[in-house]
Structures are given as structure tokens and as C-alpha cells.
């Protein structure tokens with residue numbers, strides 16, 4: 055059995071977090087078809103997902119109780135609390151600053167202004183505000199299900215240190231950003247065809263499942 059087959063076989067497709075992940079991508083696919091999303095719309099919505107992930111990671115950081123490999127549990131607990139005071143503000147500035155820079159990059163490359171100076175406010179005003187609101191709500195619900203069912207419900211916070219949790223979103227964001235940018239260009243070159251749209255969401259779903267597996271692998275192996 056190949057590594058890829060083992061990966062798909064180990065996923066619990068009945069788990070609430072996996073179901074919500076699949077439903078979310080399915081809903082976005084239907085919305086993309088109904089509202090005739092262009093490359094910019096696709097990339098922008100999944101850029102919003104990175105922001106939602108960042109918000110939940112702040113809560114995860116605050117909740118993390120895993121102890122680093124240091125001498126003395128009392129000292130470790132105290133050091134964890136001190137590190138959170140440093141890590142959370144640093145994460146807020148660094149992660150969301152990175153997302154802001156990537157957002158401008160998206161407007162430059164995929165917005166109506168093309169490779170020229172981006173008129174960000176004009177491009178934002180051209181977006182369907184209700185679609186954006188619905189997308190953000192859907193993202194918060196989907197990632198909220200994962201947060202409460204895995205991180206809280208399965209007590210992942212007890213074995214996750216603040217250091218590990220602070221770095222966790224970066225493992226996903228780099229891979230997803232590369233995929234979104236490259237596939238967004240291909241989608242744009244294909245003229246937003248139905249086939250390229252299906253391919254985009256199929257690949258995005260596979261990447262999401264793989265990242266979900268990696269993030270919760272320790273918990274799933276104990277089950």
C-alpha cells in the first residue's frame with residue numbers, strides 16, 4: 055500500500071471536522087459556479103480563510119497547555135504562561151502582517167488593474183459583499199467545528215506547547231499560498247472554464263485533507 059493510500063485510509067470521513075471541511079469546499083464550488091467566480095474571487099476567498107485560521111490560532115495559543123521538555127513541571131507551567139504573553143502579540147503582528155502583504159500581492163496580480171498599481175478600494179467595492187459575508191461565516195463555522203471537536207473536545211491543547219501552536223499555521227499557509235497562486239494563474243489562463251474550476255477545488259480539497267491529517271495525526275493514532 056502506497057503512502058498516499060495509507061493517508062486516505064487513515065482519515066475518519068465521519069469526523070465532524072472532516073465533514074465540515076468537505077462541505078465547505080463543496081459549498082464554495084457551488085457558489086463559484088452559480089456566481090461565475092473569476093480567478094480573483096477564488097484567490098480572495100481562500101485568502102480570507104488564512105485570516106480565519108489565524109484568528110482561531112490565537113485562541114489555540116491561549117489554550118495550549120503542553121509542557122516543553124524542561125526540568126520541573128512548575129517551572130514549565132510558569133514559563134509557558136510567560137511565553138504566551140510574548141508569542142500571542144508576536145503572532146498577531148507577524149502572521150497577519152504576512153497575510154496583509156500577500157493580500158496586496160493578490161490584488162496586484164489578480165485584480166482588474168493587472169500588474170500595475172492596484173486600486174484596492176475599487177476592487178473591494180466590486181466584490182459582492184453578501185458573498186464575502188457568507189464566505190467568512192462559513193469559514194468560521196467550519197474551522198470552529200474543527201477547533202471545538204479536535205482541539206477542545208479531544209484535548210489536543212493538553213499535549214500542544216505554545217511554541218508548537220504558534221508555528222502550526224505557517225506549515226499550512228506556505229503550501230496553500232503556493233497552490234492558490236499557481237492554480238489561480240492556471241484558472242485565469244483557462245478562462246475560468248468549468249473543468250479548471252473542478253480541478254482547482256479537487257486539488258484544494260486534497261491539500262486540506264492532507265494538512266488536516268498532519269495537524270491531527272497524533273490524536274488520530276491514539277484513537
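In this note's numbering, the protein residues as written are 55 to 277.
Think of the CB as a built atom: it goes at the ideal place given N, C-alpha and C, for glycine as much as any other residue.
None of the values given here were measured: they were computed from a predicted structure.
Within 6 angstroms: the Cβ of residue i and any heavy atom of the ligand MG?
| i | result |
| --- | --- |
| residue 145 | Looking for the ligand MG in the displayed structure turns up nothing, as the structure carries no ligands at all. |
Going by other Cβ atoms of all chains shown within 10 Å of its Cβ, with 16 needed for buried, is residue i buried or exposed?
| i | result |
| --- | --- |
| residue 107 | buried |
| residue 221 | exposed |
| residue 228 | exposed |
| residue 157 | buried |
| residue 69 | buried |
| residue 101 | buried |
| residue 196 | buried |
| residue 249 | exposed |
Are residue i and residue j closer than 7 angstroms when you measure CB to CB?
| i | j | result |
| --- | --- | --- |
| residue 138 | residue 216 | yes |
| residue 67 | residue 201 | no |
| residue 247 | residue 99 | no |
| residue 80 | residue 214 | no |
| residue 267 | residue 65 | yes |
| residue 255 | residue 241 | no |
| residue 164 | residue 85 | no |
| residue 219 | residue 115 | yes |
| residue 160 | residue 230 | no |
| residue 71 | residue 199 | yes |
| residue 251 | residue 103 | no |
According to DSSP, is residue i part of a helix, a strand, or is it coil?
| i | result |
| --- | --- |
| residue 252 | helix |
| residue 119 | coil |
| residue 215 | coil |
| residue 65 | coil |
| residue 181 | coil |
| residue 108 | helix |
| residue 92 | coil |
| residue 270 | coil |
| residue 208 | coil |
| residue 247 | coil |
Are the segment 197-209 and the segment 86-97 touching by the rule of at least three beta carbon pairs closer than 8 angstroms? With fewer than three CB-CB distances shorter than 8 angstroms, the segment 197-209 does not count as touching the segment 86-97.
Is it the case that the segment 256-265 contacts the segment 66-81, given that we only count it when at least three CB pairs across the two stretches are under 8 angstroms? Yes, they touch.
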